[in-house]
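Data block below; observations after.
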Amino acid sequence: MSITASLIGYKDAIEAALSHADYSHSFDDIVRGVLTGQLHFYPSGNDFAIMEIQQYPRFNAYHCFLAGGTTDALLELQEIITQNAKALNCDRLTFTGRRGFLRRLKDSGWEEQAVHMTYPIG
Amino acid sequence: MRTGRTKDGRYVIRPVGAPGWVEVSKEEYEAAKAGPIEALGRGAVEGVKDLVGGAMRLAGGIGSTGTAAIPREGDMSLEDAARIAATAPDQGNITQAGERLRTNNDPTQRGLREAQPVTSAVGELLPELAAGGFGRGIKTAVGIDAALGAMRDPDNPIRGAAIGGTIGGAANLGVSAAAKAARATSPGVRKGVEMARAITTRSRRTDSVNAQRVADPTFERTARELEGFITPERAKELGFRLTPGETRALNATSADELAAANRARDREDLISSTQITGTPFQGSDLVSRWSRDDHRQAFTSYIGDILDEPNVDTLTNRRLGQLLEETQQVFKENIDELDAPIPAGTLIDDVADMAEQIGPTGEAQLAKLAKDVESLTKNGELDKQATTSLMNLLEKRTKTAFDAGNYELGSAYSAVRTTLNDAIVAVAEKVRPGAAVELKQARKKYGIIKSLQRGRAVDPGGIINPSTFRNNYAKTHRRYASGKDTSEFAQVLDTVTYLNSRRTGDSGTAARLAAKAVGSAPALAAGGGAAAAGYDAIFGR
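Protein sequence lines correspond, in order, to chains W and E. Here numbering that gives the first Met the number 0 is used: the first residue of the first sequence is 0, the next is one more, and so on. Here numbering that gives the first Met the number 0 is used: the first residue of the second sequence is 0, the next is one more, and so on.
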């Protein structure tokens, strides 16, 4: 199956995840991002993750930009993502999620680094 | 695709949606003349991009799942290709990827050969296709026209089959499977073109314009005007405050000028995103974010005028609901007064045509609609009650289809509604001269209001987000979505969407968090909400 067809298969789930990102992207933006290589799409059964490399002056992070699935499935996917992150010269994985993940991931090596805050400007 | 000869005898072609004429060889000119299927051509070019991109990453030697690792597998339908053509018009990457693919001693090529021998063979068979690039992209489309001819050529079946496989996007098919793809192409071509028409929005199309324009024997207008944008003068009349980069973009007469103007716009964006004040940059005081806000204001006023709502801050959800009710009332009153049956022949034909074209995404639903229309029809006509029932039914099903993400089906329902409306207007005008104008205005308002109500097209302050509005509008206005709507409204909509557009780079997280992240990991956490079916973990950003 082509990448695009695969993405279309996950369209509902991706759009559901985008709602957590305040609809910063449309589904088409995601397809474009994946096809142009800016975003990396990891489908796995009913679950998926979309990653991107974030470059900072002192390190690179492999950032989980969107994801949807069961925690267990995503943690399984994390293994291959970690391998790829190393190959891509990234020294950490990152993601933004709700506070519930703190508890859920506390035994999986994930740590809270900071709080992401937003101040809406009218 | 239009073809022509310049006064001095050169051969030129002009694909649909391209900003101007492109000089080609005689052979390419002949091929273009023989078969205008450039929509498919674009799709196939993008399909190659898809597979080349995957192979490139494979050659990078990283993991074994995800797009970061897997090149293409299995086949790729024309619908996919058309969808890609609409969603990833930038062909710059194809050029890069294709050139590497063509270089025999490139490690990418070796990696590709090991992993995908057939892909590699196809790449060699069609170096032009693999090389891509917009200027070449047009020629590629022509090449594919010719390829289709080759496919049908009994003397050259293998080449045809390989090309067929490429058009179908089959990266790892053997020749026999590719031959099947080739045989299946003809019906697929029609469908691919239909789908491309349905889903390619004007702005996507215009974003893809990079071709070098050659002397145009007919037109003196700018590239942007040829694409359907309004002139800078008209934009200023409407209240758009154009930055120098935007003015240059709207005045550009060639791809080079357009590219330079867009680079200027990028710099303007950079200034607005990295500086708080409008510090002079290269002699200009530019803060394009301000002008974007200004464009939104101007566009909101423009829409307000159409809706007879001069105070833009009154465009609240409640007010929009009232306005919608008012426009629907115009229709209902006309139908009530009409008391004349509506001929249903065209309607039934339309539904049947669409059911044939749409395929599995809505075949069953449209077949059901055809039955519903027939059951409402008596002696080939719809009476008052049946007309109202059908209108309500179509409105409900359109909404359900769009809500379920079935864009093709939603568009098809919407098109049926347009046909019904046209029939009502035609009958109403016969019964009561002047009714057509009234109904046309009401329908225009109806379409605009519905587009304002979906998503977050209007912010709480009553200011319209042009991009969201445009996306909503394109979903229910097929003529606009396919680039056939040349009204000023369509031009203004395209222009303001372009003026408000930004490049889609990464998610933006890095830039926003960079300041906090110096010396530490990036800041994370927040979000929350409902999960998709069966998920206990879902997040974005």
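Heads up, the beta-carbon is just placed ideally off N, CA and C, and yes, glycines get one too.
PHE401(E) versus chain A: which residues are under 9 Å apart at the beta carbon?
-> This model lacks chain A altogether, as its protein chains are W and E.
Do we get a CB-CB distance below 8 Å when we pair SER107(W) with the residues of chain E?
-> Along the first sequence, read from residue 1 onward, the residue named residue 107(W) stands at position 108. No, SER107(W) lies away from the interface with chain E (no Cβ there is under 8 Å from its Cβ).
Out of ALA343(E), VAL457(E), ASN405(E), PRO243(E), which has the shortest C-alpha to C-alpha gap to THR360(E)?
-> Against the second sequence, residue 360(E) aligns to sequence position 361. Selected option, being the one with the closest Cα: ASN405(E).
Which runs of the alpha helix (DSSP H) spanning at least 4 residues fall entirely within the stretch 354-390 of chain E, listed in chain order?
-> 362-375
For PHE239(E) and LYS179(E), the rounded distance between their alpha carbons | As a first step, residue 179(E) is located in the second sequence; it is residue number 180 there, counting from the start. As a first step, residue 239(E) is located in the second sequence; it is residue number 240 there, counting from the start. Residue placement at LYS179(E) is flagged as unreliable, the pLDDT there being 34, under the threshold of 50; the coordinate-derived value follows with that caveat. The alpha-carbon atoms of LYS179(E) and PHE239(E) are separated by roughly 54 Å.
Span of the alpha helix (DSSP H) around TYR61(W) | What you label residue 61(W) is simply residue 62 of the first sequence in a count that begins at 1. For TYR61(W), there is no enclosing alpha helix (DSSP H); the residue is found in the beta strand (DSSP E) stretching over 59-68.
Range covered by the alpha helix (DSSP H) that runs through LEU492(E) | Here residue 492(E) is taken as the residue at index 493 of the second sequence, counted from 1. It spans 487-499 - the alpha helix (DSSP H) in which LEU492(E) sits, taken as one unbroken run.
GLU236(E) burial status per 10 Å Cβ neighbour count (16 or more: buried) | Start at 1 with the first residue of the second sequence, and residue 236(E) comes out as number 237. With fewer than 16 Cβ atoms within 10 Å of its Cβ, GLU236(E) is classed as exposed.
Short-range partners of chain E found in the stretch 60-73 of chain W, where Cβ spacing is below 7 Å | ALA60, HIS62, PHE64, LEU65, ALA66, GLY67, GLY68, THR69, THR70, LEU73
For ARG31(W) and ASP338(E), the rounded distance between their alpha carbons | Here residue 338(E) is taken as the residue at index 339 of the second sequence, counted from 1. Here residue 31(W) is taken as the residue at index 32 of the first sequence, counted from 1. Cα to Cα, the separation comes out at about 51 Å.
Do we get a CB-CB distance below 8 Å when we pair TYR479(E) with the residues of chain W?
-> Within the second sequence, residue 479(E) is the residue found at index 480, counting from 1. Chain W contact via Cβ: absent.
Quick one: using the 10 Å Cβ neighbour count with 16 as the cut-off for buried, is ASP349(E) buried or exposed?
-> Taking the second sequence and counting its residues from 1, one reaches residue 349(E) at position 350. ASP349(E) is buried by the Cβ-count criterion.
Bridge-paired residues (DSSP) for PRO42(W) | Within the first sequence, the letter at position 43 stands for residue 42(W). Answer is PHE47(W), bridged to PRO42(W).
Residue span of the beta strand (DSSP E) that contains PHE239(E), given as start and end = To locate residue 239(E), count along the second sequence from 1; it is residue 240. Run containing PHE239(E): none; DSSP gives neither H nor E here.
If you run the structure through DSSP and keep just helix, strand and coil, what is VAL114(W)?
-> Numbered from its first residue, the first sequence carries residue 114(W) at position 115. Note: VAL114(W) maps to coil in three-state DSSP.
Going by C-alpha distance, which of ALA48(W), ARG102(W), CYS63(W), TYR22(W) is nearest LEU92(W)?
-> As a working mapping, residue 92(W) is identified with position 93 in the first sequence. Selected option, being the one with the closest Cα: CYS63(W).
Under 8 Å between the Cβ atoms of GLU336(E) and ARG431(E)?
-> For the purposes of this step, residue 336(E) is identified with residue 337 of the second sequence, where counting begins at 1. For the purposes of this step, residue 431(E) is identified with residue 432 of the second sequence, where counting begins at 1. Yes, the pair counts as a contact, with Cβ atoms nearer than the cut-off.
What residues from chain W crowd round ASN391(E), counting only those whose CB sits closer than 9 Å?
-> Reading the second sequence from its first residue, position 392 is the one you call residue 391(E). Taking a Cβ-Cβ cut-off of 9 Å, ASN391(E) has no neighbours in chain W, whose nearest Cβ is about 27 Å from it.
Using DSSP with H/G/I as helix, E/B as strand and the rest coil, what is LEU393(E)?
-> In the second sequence, residue 393(E) corresponds to position 394, counting from 1. Correct three-state label for LEU393(E): helix.
Indicate whether at least one CB of chain E lies closer than 8 Å to the CB of ASP11(W).
-> If you number the first sequence from 1, residue 11(W) lands on position 12. Taking Cβ atoms only, chain E reaches closer than 8 Å to ASP11(W), which makes this a yes.
DSSP on LEU92(W), reduced to helix/strand/coil?
-> Here the question's residue 92(W) lines up with position 93 in the first sequence. For LEU92(W), the three-state secondary structure derived from DSSP is strand.
Exposed or buried, PRO116(E), counting other C-beta atoms within 10 Å across all chains shown (16 or more means buried)?
-> Within the second sequence, residue 116(E) is the residue found at index 117, counting from 1. Because PRO116(E) carries a pLDDT of 37, less than 50, the predicted location of this residue cannot be relied on, and no value is offered for it.
N- and C-terminal bounds of the beta strand (DSSP E) containing ALA456(E) | Looking up residue 456(E) in the second sequence gives position 457. If you look at ALA456(E), you'll find it isn't in any beta strand (DSSP E); DSSP assigns it neither H nor E.
Between the Cα of GLU542(E) and the Cα atoms of GLN384(E), GLY358(E), THR387(E), LEU346(E), which residue gives the shortest distance?
-> Since the displayed chain E opens at 0 and closes at 540, residue 542(E) lies outside it and no answer follows.
Determine, using beta carbons only, whether LYS474(E) and SER410(E) come nearer to each other than 8 Å.
-> Within the second sequence, residue 474(E) is the residue found at index 475, counting from 1. Within the second sequence, residue 410(E) is the residue found at index 411, counting from 1. Yes, Cβ-Cβ distance for LYS474(E) and SER410(E) is below 8 Å.
How would you write the range of the beta strand (DSSP E) that PHE538(E) sits in, first residue to last?
-> Translated into positions along the second sequence, residue 538(E) becomes position 539. Residues 536-539.
For GLU355(E), which of PHE228(E), ARG318(E), LYS25(E), GLU407(E) has the nearest alpha-carbon?
-> In the second sequence, the residue the question calls residue 355(E) occupies position 356. Ranking the options by Cα distance to GLU355(E), first place goes to GLU407(E).
Span of the alpha helix (DSSP H) around ARG102(W) = Taking the first residue of the first sequence as 1, we reach residue 102(W) at position 103. Run containing ARG102(W): 99-103, per the alpha helix (DSSP H) assignment.
Helix, strand or coil at ILE7(W) [DSSP, three-state] = Here residue 7(W) refers to the residue found at position 8 when the first sequence is read from its first residue. Three-state DSSP puts ILE7(W) in a helix.
In three-state terms, what does DSSP make of PRO342(E)?
-> Numbered from 1 along the second sequence, position 343 holds the residue referred to as residue 342(E). Residue state, collapsed to three classes: strand.
Under 8 Å Cβ-Cβ, which residues of chain W neighbour ASN470(E)?
-> The residue given as residue 470(E) occupies position 471 in the second sequence. SER25, listed in chain order.
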